[in-house]
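*Asks:*
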Amino acid sequence: MVIVRLCTRFACLAAALFVGAAAIPQQGRPTETPGKLEIAKHPLVLERPVGPAAQSLDLAKLHAEADELVKLAQSVTTDVNQVVQGKLPKDMADNLRRIEKLSKHIRGELVH
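Encoded structure:
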């Protein structure tokens with residue numbers, strides 16, 4: 011009988027201490043950290059990303075580059091014929107590089 015009373019008192023005391031200890035941190039401390047409270051003061055406002063400015067095409071320049079590309083492409087046939095005959099045109103490599111550069115530039119202007 012004495013043991014039952016002691017166990018009951020001990021259980022009540024332990025429960026009271028547990029409930030009291032759980033209530034103490036809630037009274038003195040905020041549930042959020044100071045950093046989170048500061049962030050909550052300033053809500054996040056998202057703005058739409060600014061895209062690149064629309065470029066206007068210089069149609070006259072684009073047309074001139076296309077004409078130059080056509081002339082250079084036509085010259086490749088005659089250059090290849092000269093290579094077959096054993097002659098290497100000295101401006102062939104430069105013309106091929108220029109064709110590549112012009113085609114990349116024209117593609118970039120039209121695609122972007």
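Adding 10 to a residue's 1-based position in the sequence shown gives its number in our numbering. Where is the CB? At the ideal position from N, CA and C, for every residue including glycine. If you're wondering where the values come from, they're calculated on a predicted model, not measured in any experiment.
Am I right that Leu72 and Ile116 are in contact with their C-beta atoms under 8 Å? What's the rounded C-beta distance?
*Replies:* 7 Å
*Asks:* Less than 8 Å between the CB atoms is what I'm expecting for Glu78 and Leu54, so what's the real figure, rounded?
*Replies:* Going by Cβ atoms, the distance from Glu78 to Leu54 rounds to 52 Å, so no, they are not a contact pair.
*Asks:* Could you tell me the boundaries of the alpha helix (DSSP H) in which Lys114 lies?
*Replies:* Its alpha helix (DSSP H) spans residues 102 to 121.
*Asks:* Just to check, is the beta-carbon of Phe20 closer than 8 Å to a non-hydrogen atom of the ligand ATP?
*Replies:* Inclusion of the ligand ATP in the displayed structure is not the case, the ligand content being empty and no account of it being possible.
*Asks:* With distances taken Cα to Cα, identify the nearest neighbour of Lys114 among Glu75, Val93, Ser85.
*Replies:* Closest option to Lys114, Cα to Cα, is Glu75.
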